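Position in the sequence shown (from 1) plus 16 gives the number in the working numbering. We put the beta carbon where it would ideally sit given N, CA and C, even for glycine. Here the structure is a predicted model, which means the values were calculated and not measured. What follows is one structure encoded as structure tokens, with my remarks underneath.
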Amino acid sequence: MKFITENWFVLVAFAAVAAAGGYAVYTFVKMPTDKQLKKVREWLLYAVTKAEKELGGGTGQIKLRYVYDMFVARFTWLAQVISFEMFSMMVDEALEKMKGMLESNKAMQELVNGKPEGDFGNGETEGMK
Numbered sequence: 017m018k019f020i021t022e023n024w025f026v027l028v029a030f031a032a033v034a035a036a037g038g039y040a041v042y043t044f045v046k047m048p049t050d051k052q053l054k055k056v057r058e059w060l061l062y063a064v065t066k067a068e069k070e071l072g073g074g075t076g077q078i079k080l081r082y083v084y085d086m087f088v089a090r091f092t093w094l095a096q097v098i099s100f101e102m103f104s105m106m107v108d109e110a111l112e113k114m115k116g117m118l119e120s121n122k123a124m125q126e127l128v129n130g131k132p133e134g135d136f137g138n139g140e141t142e143g144m145k
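Next up, the structure:
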């Protein structure tokens with residue numbers, strides 16, 4: 017009993033986190049399947065963009081594994097349902113979308129490839145001297 021009275025705030029915090037997590041899972045599960053897949057595909061676009069930025073070009077299998085590891089960490093229960101082959105197809109779709117965005121969006125190019133050294137967006141390079 018002494019443990020509960022001395023650590024009641026920890027128990028309340030744990031209950032609040034568990035309730036928030038349960039509610040998030042509940043709202044996701046209650047969504048129609050199309051909306052769930054749309055959210056996963058949006059997240060995959062983020063993940064492949066991050067992998068491209070961090071690992072660069074020519075590292076396809078490593079990037080796929082990196083994105084899969086991120087996916088398993090984020091969507092543990094979904095990773096048990098979706099096969100790796102289906103996941104790979106979804107990643108390919110996200111890659112095609114990212115490539116299209118890279119071709120048409122300069123800000124996206126700068127995000128993935130990084131800004132040129134000394135380019136602060138206004139042409140000033142005083143901070144580099």
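Just verifying my parser: in three-state terms, what is the DSSP assignment at Gly130? Here Gly130 carries a coil assignment [DSSP, helix/strand/coil].
What is the DSSP secondary structure of Gly37, reduced to helix, strand or coil? Gly37 carries a helical assignment under DSSP once its states are collapsed to helix, strand and coil.
Go ahead and label Glu146 buried or exposed: buried means 16 or more other beta carbons lie within 10 angstroms of its beta carbon, across all protein chains shown. The structure shown does not extend to residue 146, since the chain is modelled only from 17 through 145, so no value can be given for it.
Under 8 Å: do the segment 21–30 and the segment 51–60 share three or more Cβ pairs, one atom per stretch? Under the Cβ criterion (8 Å, minimum of three pairs), the segment 21–30 does not count as touching the segment 51–60.
DSSP state of Phe103, grouped into three classes? Collapsing the DSSP output to three states places Phe103 in a helix.
Met102 classed as buried or exposed, judged by whether at least 16 other C-beta atoms fall within 10 angstroms: Under a 10 Å Cβ-count criterion, Met102 is classified as exposed, with fewer than 16 other Cβ atoms of the shown protein chains found around its own Cβ.
Could you pull the start and end residues of the alpha helix (DSSP H) that Gln96 belongs to? Element bounds for Gln96: n/a, residue is neither H nor E.
DSSP three-state assignment for Phe91, whether helix, strand or coil: Judged by DSSP in its simplified three-state form, Phe91 adopts coil rather than helix or strand.
Please classify Val128: is it buried, with 16 or more other beta-carbons within 10 angstroms of its beta-carbon, or exposed? Buried.
Kindly indicate the opening and closing residues of the alpha helix (DSSP H) around Thr11. One cannot answer for residue 11 here, as it falls past the ends of the chain, which runs 17 to 145.
With 16 other CB atoms within 10 Å as the buried threshold, where does Ala40 fall? By the neighbour-count criterion, in which 16 or more other beta carbons inside 10 Å mark a residue as buried, Ala40 falls on the exposed side.
Roughly how far, in whole angstroms, is the beta-carbon of Leu80 from the beta-carbon of Val107, given that I think they are within contact range, below 8 Å? Between Val107 and Leu80 the Cβ distance is about 6 Å, and since that is below 8 Å, they are a contact.
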